[in-house]
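Novice:
2 protein chains.
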Amino acid sequence: MESNVAVARLSALAQPNRLAVFRLLVRAGNEGISAGDIARSLNVAANTLSSQLNILSHAGLVTSTRDGRSIIYRAAFHAMADLMVYLVEDCCQGHADICVPISEITDRIACCG
Amino acid sequence: MESNVAVARLSALAQPNRLAVFRLLVRAGNEGISAGDIARSLNVAANTLSSQLNILSHAGLVTSTRDGRSIIYRAAFHAMADLMVYLVEDCCQGHADICVPISEITDRIACCG
DNA sequence: TCCATATTTCAACGATAGTGGAAATAAACA
DNA sequence: TGTTTATTTCCACTATCGTTGAAATATGGA
Numbered sequence: 001m002e003s004n005v006a007v008a009r010l011s012a013l014a015q016p017n018r019l020a021v022f023r024l025l026v027r028a029g030n031e032g033i034s035a036g037d038i039a040r041s042l043n044v045a046a047n048t049l050s051s052q053l054n055i056l057s058h059a060g061l062v063t064s065t066r067d068g069r070s071i072i073y074r075a076a077f078h079a080m081a082d083l084m085v086y087l088v089e090d091c092c093q094g095h096a097d098i099c100v101p102i103s104e105i106t107d108r109i110a111c112c113g
Numbered sequence: 001m002e003s004n005v006a007v008a009r010l011s012a013l014a015q016p017n018r019l020a021v022f023r024l025l026v027r028a029g030n031e032g033i034s035a036g037d038i039a040r041s042l043n044v045a046a047n048t049l050s051s052q053l054n055i056l057s058h059a060g061l062v063t064s065t066r067d068g069r070s071i072i073y074r075a076a077f078h079a080m081a082d083l084m085v086y087l088v089e090d091c092c093q094g095h096a097d098i099c100v101p102i103s104e105i106t107d108r109i110a111c112c113g
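One line per chain: the protein sequences are A and B, in this order.
For the first sequence, counting from 1, position 53 maps to 53 in full-length UniProt numbering; every step adds exactly one.
For the second sequence, counting from 1, position 8 maps to 8 in full-length UniProt numbering; every step adds exactly one.
And the structure:
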């Protein structure tokens, strides 16, 4: 991953509304949520949410498909995975003994286990 | 983790210089790097770097200890782990079959394996 | 003590982000 | 076709961020 892509994704998530949107979509899984339902859930104006979704979308963190009058948004899990890997890449340069904490991450990411 | 802490950490990383600083410290591991050496490595002014380090530090993503005239900075792996977990928390509400991508994260985070 | 090195703090500037009102687009339905 | 619902685009305003010069603080050594 290139640095500017990572920055775009981190910037997209570094805002209370957008972070809440993303986490809501993570919990919704592949089913996704319509823009209107997201706006109602988080109590934000429709146009404000639209620009937030646009930022998340351009960062590659969410995808959208039209369903009748509504547009369904979904979290892009692979993009999230790429970002996480990038953040701890090449850690410790192979000295496993001084890098125990990272292995704890994998133990704690067990959402569907 | 509270939302505002996550936003602070994501904001801290959502800037090219600071992201580069953090990744440099991740690669350095527990040995850490002095502020001056970071500034030279990344070719940024000392006072600019100082404010960047301050932001990373307040976000809990780096720690510092004085060593003579220098101050050594280190990545805070546990804080990073907490953030990662927060981002994919409660994903899919337990429907493992529709949430394969998250399990791929753990496979790909294997820096010291 | 005096000086050099390492780092931080302060103040100010220009640039960018977040929000909301109003209008535009898109689809469904009578 | 005309109307309603869903969402987005455009625009302007305020607030916050990132950078830099200059000064201040802290440590080590002559």
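Where a beta carbon is used, it is the ideal one built from N, C-alpha and C, also for glycine.
Got a sec, what are the start and stop residues for the beta strand (DSSP E) residue 136/A sits in?
Specialist: In the structure displayed, chain A extends from 1 to 113; residue 136/A sits before or after that span and is not available.
Novice: Please work out which residues of its chain come closer than 8 Å, Cβ to Cβ, to R18/B, disregarding the five sequence neighbours upstream and downstream, and give them in chain order.
Specialist: Counted from its first residue, the second sequence places residue 18/B at position 18. The answer, listed in chain order, is A12, Q52, I55, L56.
Novice: Using a threshold of 8 Å, state whether the C-beta atoms of G29/B and S70/B are closer than that.
Specialist: If you number the second sequence from 1, residue 29/B lands on position 29. If you number the second sequence from 1, residue 70/B lands on position 70. No. Outside cutoff.
Novice: May I ask you to report which of helix, strand or coil DSSP gives A76/B?
Specialist: Here residue 76/B is taken as the residue at index 76 of the second sequence, counted from 1. Three-state result, A76/B: coil.
Novice: Our contact map puts L42/A next to V21/A with C-beta atoms below 8 Å; I'd like the distance itself, whole angstroms only.
Specialist: In the first sequence, the residue the question calls residue 42/A occupies position 42. In the first sequence, the residue the question calls residue 21/A occupies position 21. About 7 Å; that satisfies the 8 Å criterion.
Novice: Is the distance from the Cβ of L61/B to the Cβ of I38/B below 8 Å?
Specialist: As a working note, residue 61/B is residue 61 in the second sequence. As a working note, residue 38/B is residue 38 in the second sequence. Cβ distance not < 8 Å, so L61/B and I38/B don't count as in contact.
Novice: I want to verify the contact list: residues of chain B whose CB lies under 9 Å from the CB of R74/A, in sequence order.
Specialist: For the purposes of this step, residue 74/A is taken as residue 74 along the first sequence, with counting starting at 1. Under the 9 Å cutoff, chain B gives no residues; its nearest Cβ is about 10 Å from R74/A.
Novice: Closest to V5/B by C-alpha separation, out of S64/A, A76/A, A14/A, would be which residue?
Specialist: Residue mapping note: residue 5/B aligns to position 5 of the second sequence, counting from 1. When each option's Cα is compared against that of V5/B, the closest is A14/A.
Novice: Kindly list the residues whose CB is nearer than 8 Å to the CB of R66/B, restricted to its own chain and excluding five residues on each side of it in sequence; keep chain order.
Specialist: The residue labelled residue 66/B in the question sits at position 66 within the second sequence. If we look at R66/B and ignore the five residues flanking it on each side, its Cβ neighbours are I72.
Novice: How would you call D82/B, buried or exposed, if buried means at least 16 neighbouring beta carbons within 10 angstroms?
Specialist: Taking the first residue of the second sequence as position 1, residue 82/B is located at position 82. Buried is the call here.
Novice: Let me see if you follow: with CB-CB separation under 8 Å, is G36/B close to chain A or not?
Specialist: Residue numbering aside, residue 36/B sits at position 36 when the second sequence is read from its first letter. No - not a single Cβ of chain A is within 8 Å of the one on G36/B.
Novice: Please state if the CB of L10/B and the CB of L10/A are separated by a distance shorter than 8 Å.
Specialist: Here residue 10/A is taken as the residue at index 10 of the first sequence, counted from 1. Here residue 10/B is taken as the residue at index 10 of the second sequence, counted from 1. The answer is yes: Cβ separation under 8 Å.
Novice: Any Cβ of chain B within less than 8 Å of the Cβ of D90/A?
Specialist: Along the first sequence, one-based indexing puts residue 90/A at 90. Yes, D90/A lies at the interface with chain B (some Cβ there is under 8 Å from its Cβ).
Novice: Assuming T63/B and A76/B form a contact by the criterion Cβ under 8 Å, report the distance between their Cβ atoms to the nearest whole angstrom.
Specialist: If you number the second sequence from 1, residue 63/B lands on position 63. If you number the second sequence from 1, residue 76/B lands on position 76. Right, the Cβ-Cβ distance comes to about 5 Å (below 8 Å), so this counts as a contact.
Novice: Which value, in whole angstroms, describes the spacing of the CA atoms of S3/A and S50/B?
Specialist: As a working note, residue 3/A is residue 3 in the first sequence. As a working note, residue 50/B is residue 50 in the second sequence. Between S3/A and S50/B, the C-alpha separation is close to 21 Å.
Novice: Let's see if you can read the secondary structure: which residues bound the alpha helix (DSSP H) around G36/A?
Specialist: Residue numbering aside, residue 36/A sits at position 36 when the first sequence is read from its first letter. Taken as a continuous stretch (DSSP letters only), the alpha helix (DSSP H) holding G36/A covers 35-42.
Novice: Smallest Cα separation from M80/A: which of V85/B, A79/B, H78/B?
Specialist: Position 80 of the first sequence holds residue 80/A. Closest by alpha carbon: V85/B.
Novice: Between the Cα of C91/B and the Cα atoms of C91/A, D90/A, R74/A, which residue gives the shortest distance?
Specialist: In the second sequence, residue 91/B corresponds to position 91, counting from 1. Cα-wise, what sits closest to C91/B is R74/A.
Novice: Decide if G32/A is buried, meaning its Cβ has at least 16 other Cβ atoms within 10 Å, or exposed.
Specialist: Your numbering for residue 32/A matches position 32 in the first sequence. So G32/A ends up on the buried side.
Novice: Using a Cβ-Cβ cut-off of 6 Å (strictly less than) and excluding sequence neighbours within five positions of M1/A, which residues of its own chain qualify?
Specialist: Taking the first sequence and counting its residues from 1, one reaches residue 1/A at position 1. Result list for M1/A: D82, Y86, in chain order.
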